Amino acid sequence: MELEEEMDVDGEEEPDTSSKKRSNEDTDVNSSTPKKKAKKPVRREDSPILKKLIKELSALIPQQTSSGGTISLQTFSDMNIDSVNFCELNDRIIKAKDDNKRTTLKLIHSYYYFGKGYRLWFDHYKKTYSDDTSNSLVNDKIRKYFPD
Numbered sequence: 001m002e003l004e005e006e007m008d009v010d011g012e013e014e015p016d017t018s019s020k021k022r023s024n025e026d027t028d029v030n031s032s033t034p035k036k037k038a039k040k041p042v043r044r045e046d047s048p049i050l051k052k053l054i055k056e057l058s059a060l061i062p063q064q065t066s067s068g069g070t071i072s073l074q075t076f077s078d079m080n081i082d083s084v085n086f087c088e089l090n091d092r093i094i095k096a097k098d099d100n101k102r103t104t105l106k107l108i109h110s111y112y113y114f115g116k117g118y119r120l121w122f123d124h125y126k127k128t129y130s131d132d133t134s135n136s137l138v139n140d141k142i143r144k145y146f147p148d
C-alpha cells in the first residue's frame, strides 16, 4: 500500500500527517525539553514509607476485634529485651494465621451461599418473568434485608 503525499502550493511535498508514526523530531538531541529523571536510590533506613509504617505500627492504639475484644499493641519503647518471648510470639502468629484461614473460608462460603440463594430466587421469578424483570425482583428482595 502506498503512502499518499500532499503537494504544497510552492511545489514542495509534505508528508501525510494522518500517519501514526512518530517523527524523529521528537527525539532531537539538542532539544530543550526536560528529560525524565531517574529515581535516586534510597537507603532502607531512610525510606519515608518504611518510617511511616514503623510509626503506625508502633503507635499505642487499641484495635477492636470482630469478637468484641480489644487488642492493645506494645510500642517499641515499652518493650524490654527480657520480655521478648519468641515462642509465645510464634504461637500468636500461628494462631492468627489459622484464624485468618477460618475467616477466609467463612467469607468464601458466605459468598457462595449468597450467590446460590440469588440464583434460586432468580430461577423462581424467571418462570413467570423475563431475565431483566427477574433480576430486578431479586434485587428488590435483597434490598428488603438491608436498612437504608
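Under UniProt numbering, think of the first position of the sequence shown as 1, with each following residue one higher.
We put the beta carbon where it would ideally sit given N, CA and C, even for glycine.
Only a predicted model underlies this, so the values are computations on that prediction, with no experimental measurement involved.
Here valine 138 is buried. Its C-beta has 16 or more other C-beta atoms within 10 Å. Here DSSP, grouped into helix, strand and coil, assigns alanine 96 to helix. Distance from the CA atom of proline 147 to the CA atom of leucine 53, rounded to whole angstroms, is 37 Å. Shown here, aspartate 148 sits in coil according to DSSP, grouped into three states, outside any helix or strand. Each residue's CA atom was taken as its position, placing serine 130 and isoleucine 108 some 30 Å apart. If you draw a straight line from the Cα of glutamate 56 to the Cα of isoleucine 49, it comes to about 11 Å. Tryptophan 121 places its beta carbon less than 8 Å from that of lysine 141. In this structure, serine 136 sits away from lysine 126, with a CB-CB distance that is not shorter than 8 Å.
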